[in-house]
Amino acid sequence: MTHPESGLPGRPAERALDERPGGCADPAAGLLLTVAEAVVLAVLLVLLGLRGLARSHAPIDSGAPSPAGAGAETDWVPTVAFGVLALTVAALAAMLLRDRWYWAGGIQVLVAVALCAVTLASVSRADGPALPGPAPTWNSPPCRSGGDSDECARSGG
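Structure (structure tokens):
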């Protein structure tokens, strides 16, 4: 017969898994991490802005002729920077959720989704050739009445 104080093997480990951070620690940790990530994002935006400003004032190398239709090189640094930050936050969210910090992990999932959206937006802002407008579908004949274009438009020809 088993004594009640000895318990079953594995029971203390199960009890340890049921313990979650109590009180306000879980939401407070999520809020603190979000503020820290906002600071990192602000610093990143300032650095990327200064980098873009430096690129816009850089001298143009006119030594070699560029091929026809070639625009400026696409700058992938913002996309990579936002992507690395998004992956870091997503990994942190996975670790928090695995350790049962549900509020903090959930907040980090939302931040990671927002950073993924910023990453995709930085991809769409890549410099590329402008698309031409639609071609005209109908050319009106010249007005033969001798009047102005408004009179010609009202008369249908």
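Going by my numbering, the first residue of the sequence shown is number 2, and it counts up by one from there. Using N, Cα and C, we set each Cβ at its ideal position, and we do this for glycine too.
Asked: Near the ligand ATP: Val40 beta-carbon under 7 Å from a heavy atom; Found: In the structure on display, the ligand ATP does not appear, and there are no ligands present to speak of.
Asked: When Ala95, Leu51 and Val47 are compared against Ala113, the one with the closest alpha-carbon; Found: Ala95
Asked: Inter-residue spacing [alpha-carbon to alpha-carbon] between Ala55 and Leu49; Found: 10 Å
Asked: Which of helix, strand or coil DSSP assigns to Pro60; Found: coil
Asked: Anticipated Cβ contact below 8 Å, Leu106 with Leu116, distance rounded; Found: Checking the sequence shown, residue 106 turns out to be Gly, not Leu. That belief does not hold up - the Cβ atoms of Gly106 and Leu116 are roughly 15 Å apart, past 8 Å.
Asked: Selected residue, minimal CA-CA separation from Ala43, among Phe83, Leu88, Ser125 and Ala91; Found: Phe83
Asked: Where Thr80 falls: helix, strand or coil (DSSP); Found: helix
Asked: Nearest residue (CA-CA) to Ala91, options Ala26, Val40 and Leu111; Found: Leu111
Asked: Same chain, Cβ closer than 8 Å to Asp27, five either side skipped, listed in chain order; Found: Arg21, Trp102, Tyr103, Trp104 and Ala105
Asked: Same chain only: Cβ atoms within 6 Å of Leu86, ignoring 5 sequence neighbours per side; Found: Leu116
Asked: C-beta atoms of Ile108 and Gly31 nearer than 8 Å; Found: yes
Asked: Backbone secondary structure at Gly53 - three-state DSSP; Found: helix
Asked: Contact check, Thr89 vs Val124, beta carbons under 8 Å; Found: no
Asked: Where Leu34 falls, given that 16 or more other Cβ within 10 Å makes a residue buried; Found: buried
Asked: Three-way DSSP call (helix, strand, coil) for Cys25 in this model; Found: coil
Asked: Glu38 - DSSP class collapsed to helix/strand/coil; Found: helix
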